[in-house]
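Residues in the sequence shown are numbered consecutively from 212, following the working numbering. Structure, as structure tokens:
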Amino acid sequence: MGIDWPVITQGFGAVAQGGGALVLAWVGLAGLSSWRKQLKGTRSQALAEETLSLVYRVRDAIDHIRQPWAFTGEMNKVERIADETDASFEGRKQYGVVEIRYQAHAEPVAQLEAIRYRVSAVFGEEQAKAVEDVLDVLRRVRNEAANAVRHKALVQQQSARLGRDPVGQSLKPYETARSYLTMAESWIWAGEEGSDPAAKRLAEAVAKAETALKHFAMMKS
212 MGIDWPVITQ GFGAVAQGGG ALVLAWVGLA GLSSWRKQLK GTRSQALAEE
262 TLSLVYRVRD AIDHIRQPWA FTGEMNKVER IADETDASFE GRKQYGVVEI
312 RYQAHAEPVA QLEAIRYRVS AVFGEEQAKA VEDVLDVLRR VRNEAANAVR
362 HKALVQQQSA RLGRDPVGQS LKPYETARSY LTMAESWIWA GEEGSDPAAK
412 RLAEAVAKAE TALKHFAMMK S
């Protein structure tokens, strides 16, 4: 019985063709997997870079908000509350500048607040907490500005009582109110290096965000 070489050769060709197709399919899948990893890495890198950029913008915003002087034009933008006395309004203007300045930076702040959820989903809670710490400094500054209005009013009230009856009044209520106001103002207005709690907390928060995100921002795709 003779060997049908054409048929056998054709069979080998079919096997080789099938094997080639499998190899091509494997190469294609490997390439697709590599492309997906590269795409994921690129997106993660872009997210980290965007987040750090917003962190720096909010840091600069906080520095601007805390400038220890207020211009007349800024104070004139502070709106008067209905039935507010002249003394109360004038006392509030100084701290109302904080909100006027904040409004100029509201957009990057809102963007950082929104992006922290993506940071949490992609990188984890530790990285999201680092972003949150920066935002917490800004919230503290704004809250202390609101507190300072009340503290200053109380200081003025206690000062007036001492003026009316310096002998019969205790200094303690005045000193307590004054200490609360001083503490609030230490957060509101920038102070000397080493004695500025807000600046110290902000520097720590930004450094924490850099540590948490720079690895992702600098990784090669």
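Just so it is clear, CB atoms sit at the ideal spot from N, CA and C, and this is done for glycine as well. All values reported here derive from a predicted model rather than from experimental measurement.
DSSP-derived helix/strand/coil call for residue i
i, result
"His426", "helix"
"Asn287", "coil"
"Lys340", "helix"
"Ala325", "helix"
"Leu413", "helix"
"Glu318", "helix"
"Thr393", "helix"
"Ala401", "coil"
"Leu349", "helix"
"Ala418", "helix"
Beta-carbon proximity check, residue i vs residue j, cutoff 9 Å
i, j, result
"Val330", "Arg270", "no"
"Val348", "Gly302", "no"
"Ala420", "Thr283", "no"
"Ala259", "Lys425", "yes"
"Ser299", "Ala364", "yes"
C-alpha distance - residue i paired with residue j, whole-angstrom precision
i, j, result
"Glu324", "Glu355", "20 Å"
"Met394", "Glu404", "16 Å"
"Trp246", "Thr253", "Residue placement at Trp246 is flagged as unreliable, the pLDDT there being 40, under the threshold of 50; the coordinate-derived value follows with that caveat. Computed Cα separation, rounded: 10 Å."
"Glu310", "Met286", "10 Å"
"Ala257", "Leu413", "24 Å"
"His362", "Arg353", "14 Å"
"Tyr502", "Ser397", "As displayed, the chain neither begins before 212 nor continues past 432, which places residue 502 out of reach and without an answer."
"Lys431", "Ala416", "Per-residue confidence for Lys431 stands at a pLDDT of 49, beneath the threshold of 50, marking its modelled position as unreliable; the derived number appears in the next sentence. Straight-line Cα distance between these residues: approximately 26 Å."
"Glu326", "Glu386", "The amino acid occupying residue 326 in the given sequence is Ile; Glu does not appear at that position. Spanning the two alpha carbons is a distance of roughly 43 Å."
"Thr422", "Val289", "39 Å"
"Phe334", "Asn358", "36 Å"
"Gln305", "Ser255", "43 Å"
"Val238", "Gln322", "Note that Val238 has pLDDT 49, beneath the 50 cutoff, so the model's placement of it is unreliable and the number below is only indicative. Using only the alpha carbons, I get a separation of about 41 Å."
"Glu337", "Gln367", "44 Å"
"Ala418", "Gln369", "42 Å"
"Met429", "Tyr328", "21 Å"
"Ile399", "Phe427", "33 Å"
Assumed close pair residue i, residue j - CB separation to whole angstroms, cut-off 8 Å
i, j, result
"Ala272", "His316", "4 Å"
"Ala401", "Ala388", "Incorrect: roughly 23 Å between the Cβ atoms, too far for contact."
"Arg268", "Pro319", "4 Å"
Check: residue i C-beta below 8 Å from any heavy atom of the ligand ZN
i, result
"Leu413", "Absence of the ligand ZN is noted for the structure shown, with no ligands found whatsoever."
Check: Is there contact here, the stretch 296 to 315 with the stretch 334 to 343, by at least three beta-carbon pairs under 8 Å?
Finding: no
Next item on the list: Tell me, please, whether the stretch 360 to 380 touches the stretch 276 to 296 by the rule of three or more beta-carbon pairs shorter than 8 Å.
Entry: no
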